[in-house]
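K.L.:
Line by line, the protein sequences are chains A and B.
Under this note's numbering, the letters of the first sequence match residues 45 to 373, in that order.
Under this note's numbering, the letters of the second sequence match residues 45 to 373, in that order.
The C-beta atom is built at its ideal place from N, Cα and C for all residues, glycine as well.
Below you will find the structure I want to go over with you.
There are 2 protein chains.
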Amino acid sequence: MGDVARLAGVSAQTVSRVSNGFAGVTEETRRQVLDAMRELDYRPNSAARALRRGEFRTLGVITFSLSTLGNIRTLDAIAASAAREGYAVTLLPVAVPTQDEVNGAFSRLGELAVDAVIVIMETHLLDAATVSLPPGIPVVVADSDAGDRYTVVDTDQAGGARDAVRHLLDLGHGTVWHLAGPEDSFAAQRRANAWRATLAEAGLVPPPPVRGDWSAESGYRAGLLLAERPDCTAVFAANDQMALGLLRALHERGRTVPDEVSVVGFDDIPESASFLPPLTTIHQDFAEVGRLCVEGVLTSMRRPTPEPGTTLVPTRLVSRRSTAPPPGH
Amino acid sequence: MGDVARLAGVSAQTVSRVSNGFAGVTEETRRQVLDAMRELDYRPNSAARALRRGEFRTLGVITFSLSTLGNIRTLDAIAASAAREGYAVTLLPVAVPTQDEVNGAFSRLGELAVDAVIVIMETHLLDAATVSLPPGIPVVVADSDAGDRYTVVDTDQAGGARDAVRHLLDLGHGTVWHLAGPEDSFAAQRRANAWRATLAEAGLVPPPPVRGDWSAESGYRAGLLLAERPDCTAVFAANDQMALGLLRALHERGRTVPDEVSVVGFDDIPESASFLPPLTTIHQDFAEVGRLCVEGVLTSMRRPTPEPGTTLVPTRLVSRRSTAPPPGH
DNA sequence: ACAGGTGATGTTTACGTAAACATTCCTCGG
DNA sequence: CCGAGGAATGTTTACGTAAACATCACCTGT
């Protein structure tokens, strides 16, 4: 900076002012400084800048590897929103989703060049991890129910699941089976609960849920079971990948979709429109979730004490060809 | 740091030594310092640290949003490898893959707190973007052919494509059709070229390639065309998503896979094992690509001048049920 | 014409750390 | 018993920037 100042014939402070787009610099001076910068290929040192300013213009994102598509798309939206606000995004991958690993990520975070943190992670992993968070660092959590302790942004899982079940019931199905996600997933729990509640509202007793682990393979295994039940004409799968496996199992067992069995997924992954048949599913607006996460942390950075609470992002039913009225209806 | 020093009854420098795990501090002193740190909830200030040390312990990753699965998995592996080496990863999303946008990302990078850069991007977008890269910052490029100018790590696209085509020829198919990726993709080009070359080696004239845009939807449209050709018994799709769409089109047109038509994909996405039928495909080792990228930048950071060159990561054919000998063979 | 302002620029200082150098104290060989 | 050498710790300084304050020239209204 000193070199630039010397070359431009001004003080270092003036260089700083130009560099930060400060008003109150003559157009003439500004041009000279910019020329000098170009000439010397000057780049502001971000470490010094951060030290002086006390902020890094960087958001940290903690996530359990980039395993699920939802997380990835949320992350993508976060990165885009952050960039729009002039913030960079630093990734804090957690290899194995154990309490220890998560704690580790949180404490590494303490020394990390980050102004705020967005956590994309299930609640139960979050417990007790909070202790090592540097005080005063805003946190927003996605994909969690910790609304009492944190600011939470999440997809309206319950609403989506309800829509899925209603859609099938409205088509005339006697009941709706559920291909559930893993028990330790909060999202899976909420989808299952909403499925159960919606059936109960309709005066129906839910059939036993079949459990998968989100993978297409597990959906296939579950599908083999469901294909044996002639009374099973409608299935709500907790995500699209499992629905894919389910479709394969039903096909292999000679149960046609949607003529004999209707299937609804959850997520609306891009491929689901090309499944056999194209999958009716619940579209999640990950972009909006990511945007709200960034908005959330930035708000709490500007205001002193943000109140905990949950923001729900609505879902949308995308009707394709995997659903139809039950046989003989 | 001063407060910690005071509380522990030592100098700030000793705190620094403990904080950096420096040898030559008495166990007794070390304990006192650590206690004081805990007591005061001290965290080293990474901005000051970076300023003093002249490095950020951070890698920047430039990528055209998180659109393709391959990029994501590479990114994931990069983040994991970087974490293992004590480096953080900062994301530099490029919203639209135009030359301007890429240049923008590169110049923002100049002021970014980053010691090295990994670019996951097609070559043609890279041209001319390099000018604004701060000198002395190591760069490694994935997914590119710029081996003459940069250190490049890439999957052995040609080898994979060759294996795919050979597999089909070995099964007895008279020729192999190609469902190609978009023209402006370097990966797509190389897969197409290898397909053509392999056929030529076998003394065959390649049928006209059908072009898609990587999406399942485009694969479906292409599939509708291919289904009309009774002489088309074997298709090599440039990625699994297009293969998925292709499978749907063939199915809808009553062409059974693999009895009438064999299909090979590329990527081995997790879902491909659950397609109808499960897809024979070329497995890419993204984790290895990511690992090598990190290794590459770290090496060039330690050594003065790295030589440009390309490292190829081998692929592996995963044989599933979408391939079989041609009808009447 | 002159006091009082206003806008442009310069000077000083502190941000928190770690390298370089300085000091202290202890051990060990002769 | 003394001095050399080394281990442990302390002191000084600089990293590059931007906030706070200081200065200076010039304009405006009476």
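Should S306/B be flagged as near chain A, meaning a C-beta pair shorter than 7 Å?
P.N.:
Counting from one through the second sequence, the residue named residue 306/B turns up at place 262. Taking Cβ atoms only, chain A never reaches closer than 7 Å to S306/B, which makes this a no.
K.L.:
Just tell me which of L268/A, T325/A and R61/A has its CA closest to the CA of G256/A.
P.N.:
The residue you call residue 256/A lines up with position 212 of the first sequence. If we check each option's Cα against that of G256/A, L268/A comes out closest.
K.L.:
Between A126/B and the rest of its own chain, which residues show a CB-CB distance below 8 Å, the 5 nearest in sequence each way excluded?
P.N.:
Locating residue 126/B in the second sequence gives position 82, where the first residue counts as 1. Hits under 8 Å: L103, A132, V133 and V338.
K.L.:
In the segment 331 to 363 of chain A, which residue ranges form an unbroken beta strand (DSSP E) of at least 3 residues, counting only runs that do not cross its ends?
P.N.:
353 to 357 and 360 to 362
K.L.:
Of the choices T324/A, M345/A and R87/A, whose alpha-carbon is the least far from that of V362/A?
P.N.:
Within the first sequence, numbered from 1, the residue matching residue 362/A stands at position 318. The candidate whose alpha carbon is nearest that of V362/A is T324/A.
K.L.:
Distance, Cα to Cα, G204/A vs Q285/A?
P.N.:
In the first sequence, the residue the question calls residue 204/A occupies position 160. In the first sequence, the residue the question calls residue 285/A occupies position 241. When rounded, the distance between both Cα atoms is 17 Å.
K.L.:
Chain B partners of F100/A, CB-CB under 9 Å?
P.N.:
Counting from one through the first sequence, the residue named residue 100/A turns up at place 56. Those within 9 Å of F100/A in chain B are S90, A91 and A157.
K.L.:
Please report the distance separating the alpha-carbon of H211/B from that of D187/A.
P.N.:
Counting from one through the second sequence, the residue named residue 211/B turns up at place 167. Counting from one through the first sequence, the residue named residue 187/A turns up at place 143. Distance between the alpha carbons of H211/B and D187/A is about 43 Å.
K.L.:
In or out: V249/A buried (at least 16 other Cβ within 10 Å) or exposed?
P.N.:
The residue labelled residue 249/A in the question sits at position 205 within the first sequence. Looking at its Cβ environment, which holds fewer than 16 other Cβ atoms inside 10 Å, V249/A is exposed.
K.L.:
Among V220/A, E227/A, S262/A and P252/A, which one has its Cα closest to the Cα of A246/A?
P.N.:
Stepping through the first sequence from its first residue, residue 246/A is reached at position 202. With distances taken between Cα atoms, A246/A lies closest to V220/A.
K.L.:
For V209/A versus W258/A, is the C-beta spacing smaller than 7 Å?
P.N.:
Translated into the one-based positions of the first sequence, residue 209/A becomes position 165. Translated into the one-based positions of the first sequence, residue 258/A becomes position 214. No. Outside cutoff.
K.L.:
Please confirm whether D120/A has its beta-carbon closer than 7 Å to some beta-carbon of chain B.
P.N.:
For the purposes of this step, residue 120/A is identified with residue 76 of the first sequence, where counting begins at 1. By this cut-off, D120/A is an interface position.
K.L.:
Determine the closest residue to P274/A out of Y264/A, N283/A and D303/A, with distance taken between C-alpha atoms.
P.N.:
The residue you call residue 274/A lines up with position 230 of the first sequence. Across the set Y264/A, N283/A and D303/A, the C-alpha of D303/A shows the shortest separation from the C-alpha of P274/A.
K.L.:
Would you list, in chain order, the members of the segment 231 to 262 of chain A that have their beta-carbon closer than 8 Å to a beta-carbon of chain B?
P.N.:
S259, A260 and E261
K.L.:
Please determine, among T277/A, A241/A, A224/A and I313/A, the residue with the shortest C-alpha to C-alpha distance to D329/A.
P.N.:
Your numbering for residue 329/A matches position 285 in the first sequence. Checked all of T277/A, A241/A, A224/A and I313/A; the closest Cα to D329/A is I313/A.
K.L.:
Which residue marks the beginning of the beta strand (DSSP E) containing G104/A, and which one marks its end?
P.N.:
As a position in the first sequence, residue 104/A is number 60, starting the count at 1. That run of the beta strand (DSSP E) goes T102 to F108.
K.L.:
Listing by chain order, which chain B residues have their CB less than 9 Å from the CB of Y131/A?
P.N.:
The sequence position of residue 131/A within the first sequence is 87, counting from 1. Result: empty, since nearest Cβ-Cβ is about 10 Å, beyond 9 Å.
K.L.:
Thinking C-alpha only, which one of H222/A, E227/A and D228/A is nearest A241/A?
P.N.:
Taking the first residue of the first sequence as position 1, residue 241/A is located at position 197. Of the listed residues, the one whose Cα sits closest to A241/A is H222/A.
K.L.:
For L110/B and chain A, any beta-carbon pair shorter than 7 Å?
P.N.:
For the purposes of this step, residue 110/B is taken as residue 66 along the second sequence, with counting starting at 1. It does: the Cβ of L110/B has a partner Cβ on chain A nearer than 7 Å.
K.L.:
List in chain order: all unbroken alpha helix (DSSP H) runs of 4+ residues lying wholly within the segment 46 to 119 of chain A.
P.N.:
46 to 52, 56 to 63, 71 to 84 and 90 to 97
K.L.:
Using the DSSP secondary-structure output, state which residues sit across from F280/B in a beta bridge.
P.N.:
Position 236 of the second sequence, counted from the start, is the residue given in the question as residue 280/B. For F280/B, which the question treats as bridged, DSSP gives the partners H222/B and V308/B.
K.L.:
Which residues does DSSP pair with I162/B in a beta bridge?
P.N.:
Translated into positions along the second sequence, residue 162/B becomes position 118. V105/B and V184/B.
K.L.:
Look up I122/A in the DSSP assignment and say whether it is helix, strand or coil.
P.N.:
Residue mapping note: residue 122/A aligns to position 78 of the first sequence, counting from 1. DSSP places I122/A in helix when its eight states are reduced to three.
K.L.:
So if DSSP puts D198/A in a beta bridge, which residue, or which two residues, is it bridged to?
P.N.:
Walking along the first sequence from the start, residue 198/A turns up at place 154. DSSP lists L356/A as partners of D198/A.
K.L.:
Could you name the residues of the segment 312 to 344 of chain A whose beta carbon sits closer than 7 Å to any beta carbon of chain B, in the order they occur along the chain?
P.N.:
Of all residues in the segment 312 to 344 of chain A, those with a C-beta nearer than 7 Å to a C-beta of chain B are P314, E315, A317, S318 and L320, reading in chain order.
K.L.:
Can you give me the C-alpha to C-alpha distance between L294/A and D207/B, rounded to a whole angstrom?
P.N.:
Your numbering for residue 294/A matches position 250 in the first sequence. Your numbering for residue 207/B matches position 163 in the second sequence. If I take the Cα positions, the gap works out to 32 Å.
K.L.:
Between which residues of its own chain and V48/B is the CB-CB distance below 6 Å, once the five residues before and five after are set aside?
P.N.:
By one-based count along the second sequence, residue 48/B stands at place 4. Result list for V48/B: V59, A80, M81, L84 and Y86, in chain order.
K.L.:
Is it buried or exposed for Q57/B, if we count other Cβ within 10 angstroms and need 16 for buried?
P.N.:
As a working mapping, residue 57/B is identified with position 13 in the second sequence. By the neighbour-count rule (16 or more Cβ atoms within 10 Å), Q57/B is not buried but exposed.
K.L.:
So is E137/B in contact with chain A if we call contact Cβ pairs under 7 Å?
P.N.:
The residue you call residue 137/B lines up with position 93 of the second sequence. Reading off the sequence, residue 137/B comes out as Pro, not Glu. Under the Cβ criterion of 7 Å, P137/B is counted among the residues facing chain A.
K.L.:
In terms of alpha-carbon separation, which member of S344/B, A368/B, R364/B and F230/B lies closest to A160/B?
P.N.:
As a working note, residue 160/B is residue 116 in the second sequence. Considering only alpha carbons, the answer is S344/B.
K.L.:
State the CB to CB distance for the pair A224/B and P251/B, rounded to an integer number of angstroms; the pair is presumed to be in contact (CB under 8 Å).
P.N.:
Here residue 224/B corresponds to residue number 180 of the second sequence, with the count starting at 1. Here residue 251/B corresponds to residue number 207 of the second sequence, with the count starting at 1. Between P251/B and A224/B the Cβ distance is about 12 Å, and since that is not below 8 Å, they are no contact.
K.L.:
If I follow the unbroken alpha helix (DSSP H) through T242/A, where does it start and stop?
P.N.:
Stepping through the first sequence from its first residue, residue 242/A is reached at position 198. Here the alpha helix (DSSP H) through T242/A covers F230 to E245.
K.L.:
Determine the extent of the alpha helix (DSSP H) in which A317/A is found, giving its start and end residues.
P.N.:
Along the first sequence, one-based indexing puts residue 317/A at 273. Where A317/A is concerned, there is no enclosing alpha helix (DSSP H), given that its DSSP letter is neither H nor E.
K.L.:
Assuming the contact rule is C-beta atoms closer than 8 Å, L291/B and V307/B should be a hit. Round their C-beta distance to whole Å, please.
P.N.:
Locating residue 291/B in the second sequence gives position 247, where the first residue counts as 1. Locating residue 307/B in the second sequence gives position 263, where the first residue counts as 1. Confirmed, about 6 Å.
K.L.:
Taking the CB atoms as reference points, tell me whether A202/A and R234/A lie closer together than 7 Å.
P.N.:
Counting from one through the first sequence, the residue named residue 202/A turns up at place 158. Counting from one through the first sequence, the residue named residue 234/A turns up at place 190. Result yes, Cβ atoms of A202/A and R234/A sit closer than 7 Å.
K.L.:
So with Cβ pairs under 7 Å, would you call T134/B a contact of chain A?
P.N.:
Here residue 134/B refers to the residue found at position 90 of the second sequence. At least one chain A Cβ lies under 7 Å of T134/B.
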